[in-house]
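To keep things clear, I will list the structure first and then write my remarks on it.
Residue numbers (this note's numbering): 722 to 1331.
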């Protein structure tokens, strides 16, 4: 079976808590015969004193006032060092130990720790070939209505045929029952560990049961999402993608892509399903899912992966418009964008007004496409949508057609929502590309509401960092700080400011300084108000670079923002031949989901430009 290579940071992720994964060390596989299995007999004249000594200690642990999360773990650890298991000792004399057996199974549904203690013992007994004990345990569970109806049916069949079934077939059947039991008991991660153990021991579990475990793992969409998707891929390592049918495939893809932090695993799954031909790519459902993968990859800065999905699998129709817009926003290479445009059917390029708007902005804001731009203008249908005015404004600004730009700007000002923050940014950016316009830009942002001027503020901030007199702009920094306090914690302007600081430190101070700042900002991920604690305040010392230290409260990076920072650090490291930082940035990019091909292309382009 093919295994997939994962970045070392993912390989060394901490595992979920013990209650989800505490399984016994695998015993050596016991060779089973084809003879009927024995039955339990607790009428022996001699009693096993060692068994009673162990049970005495186990009783004290579980009967203490401590929570089961502590006492069950202690019992588990105690029996790990013994030649027997807890259930084996109990079932050796079931009538004598009836009280403890009832106590355990009474708490089965109420305590995850007790549940996993029982399930792990059953797994250990199965792998050790002690099948008669497993059957006896399941019978006790049946008496207390713990087992589901399908499992009861299977157990009744086993009991009725126990003198006829050979041990190998029985072990397979009981193993399948254990996996289903742990899954229906709400422990799919534990079920997964059993599936992996059984596979390593050559015990075949039905594809339907494996699918049931995978489906159960997909229920948790928040807490253990990253662990679940990793576990599902490990199960596919062992059981193959052929167990995934056409109905499960799109649901699985949807689950993997729900958390952008799992984009590496999501792209890995998509590649596997493509190779196995289980995904019906032409279906409407699959096309919708593939477009979603494109959007998430673009947001995570993985443009090459998004392009690969687009060119290989997408049937371009009107529903592709959101992806086309994001392609235009994220892609900077004109040649690549032209390939995307040329993949759009001619009838859509000729008649669809939304696509025409994208083409107007593309051709109008890039050199060498004036004739294409001029041909598009007559095709625009009136009344023009608001987005078309925005694209025309940017195009005329780029072409230095001030008269046309002013006329369009007048129309925009009269529109319902007025000027957008993107349009205002474009004006400031254009002015800053010309000399001696800083004072004019400062006046404009000061007289404009922060909801419109926020990105323009970061553009001016970025320009100031590249001057020789940063210290002269203290009033501007204070003004930016006060206005940015009004923004929400996830506002795009905060990330833009963060990327600007990492860019400045990397390019003008050192790659090591940029890397250090990136790691510190990254460590704040998921920690609300982390900037207020003394610990995190000491992590940031912006003042030695001429930046107010209070800006630390604005530092935030999404997955896409991290990728931007890593691109900056990697490119500068290549220019400076900083091998250690190059290696580090590549590993970080892999952790964020970048493919080897994507990283190689970036490095080759940077080397060729030097």
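Just so it is clear, CB atoms sit at the ideal spot from N, CA and C, and this is done for glycine as well.
Taking a cut-off of 8 angstroms on C-beta distances, the segment 1191–1202 touches the segment 1261–1269, as three or more cross pairs fall below it. Spanning the alpha carbons of residue 799 and residue 838 requires a straight line of approximately 12 angstroms.
In its chain, beyond the 5 residues on either side, 950, 983, 986, 987 and 990 have a beta carbon closer than 7 angstroms to the beta carbon of residue 977. For residue 1099, the three-state secondary structure derived from DSSP is helix.
Minimum Cα-Cα distance from residue 1122 among the listed residues 1225, 1151 and 786 corresponds to 1151. Excluding sequence positions up to five before and after residue 1003, its CB lies within less than 8 angstroms of the CB of 1036, all in the same chain and listed in chain order.
If you look at residue 950, you'll find it in the alpha helix (DSSP H) that goes 946–960.
Of the residues assessed, residue 946 falls on the buried side of the cut-off, its CB having 16 or more other CB atoms within 10 angstroms.
Under the three-state reduction of DSSP output, residue 938 falls in the helix class.
Between residue 1085 and residue 1115 a beta carbon distance of about 7 angstroms is seen, short of the 8 angstroms cut, so the two are scored as contacting. Following the DSSP letters along the chain, one finds residue 1161 inside the alpha helix (DSSP H) bounded by residues 1159–1167.
Assignment of residue 1120 by DSSP, reduced to helix, strand and coil, places it in the coil class. Residue 1087 is a Cβ neighbour of residue 1055, given a cutoff of 8 angstroms.
In the structure shown, the three-state DSSP call for residue 1143 is helix. About 5 angstroms separates the Cβ atoms of residue 857 and residue 812, confirming a contact at the 8 angstroms cut-off. Put simply, of 1330, 1028 and 1162 the residue whose alpha carbon is nearest the alpha carbon of residue 1183 is 1162.
In the three-state reduction of the DSSP assignment, residue 860 falls in the helix class, which pools H, G and I.
Remark: C-beta atoms of residue 1051 and residue 1019 approach each other more closely than 8 angstroms. In the assembly as shown, residue 1080 is a buried residue. Its beta-carbon has 16 or more other beta-carbons within 10 Å. Shown here, residue 1188 sits in coil according to DSSP, grouped into three states, outside any helix or strand. Residue 1125 sits away from residue 1134, with the two beta carbons spaced by 8 angstroms or more.
DSSP places residue 909 inside the alpha helix (DSSP H), whose first and last residues are 909–921. In this structure the segment 911–928 lies against the segment 955–965, because at least three pairs of beta carbons, one per stretch, are closer than 8 angstroms. Here residue 1296 is near residue 1331, since their CB atoms are less than 8 angstroms apart.
Of the residues assessed, residue 1032 falls on the exposed side of the cut-off, its CB having fewer than 16 other CB atoms within 10 angstroms.
In this structure, the straight-line span from the alpha carbon of residue 1113 to that of residue 1082 is close to 7 angstroms. Put simply, of 1165, 1190 and 1188 the residue whose alpha carbon is nearest the alpha carbon of residue 1178 is 1165. In the displayed model, residue 1073 falls within coil according to three-state DSSP, outside both helix and strand.
If you look at residue 1043, you'll find it in the alpha helix (DSSP H) that goes 1042–1051. Nearest to residue 1009 by C-alpha distance, out of 819, 1023, 1044 and 992, is 1044.
Distance from the CA atom of residue 899 to the CA atom of residue 906, rounded to whole angstroms, is 10 angstroms. Between residue 921 and residue 847 a beta carbon distance of about 13 angstroms is seen, past the 8 angstroms cut, so the two are scored as non-contacting.
A residue is called buried when at least 16 other Cβ atoms come within 10 angstroms of its Cβ; residue 1132 does not meet this threshold and is exposed.
The Cβ neighbour count for residue 1091, taken over all protein chains shown within 10 Å, is under 16; the residue is labelled exposed.
At the C-beta level, residue 956 and residue 913 come within 8 angstroms of one another.
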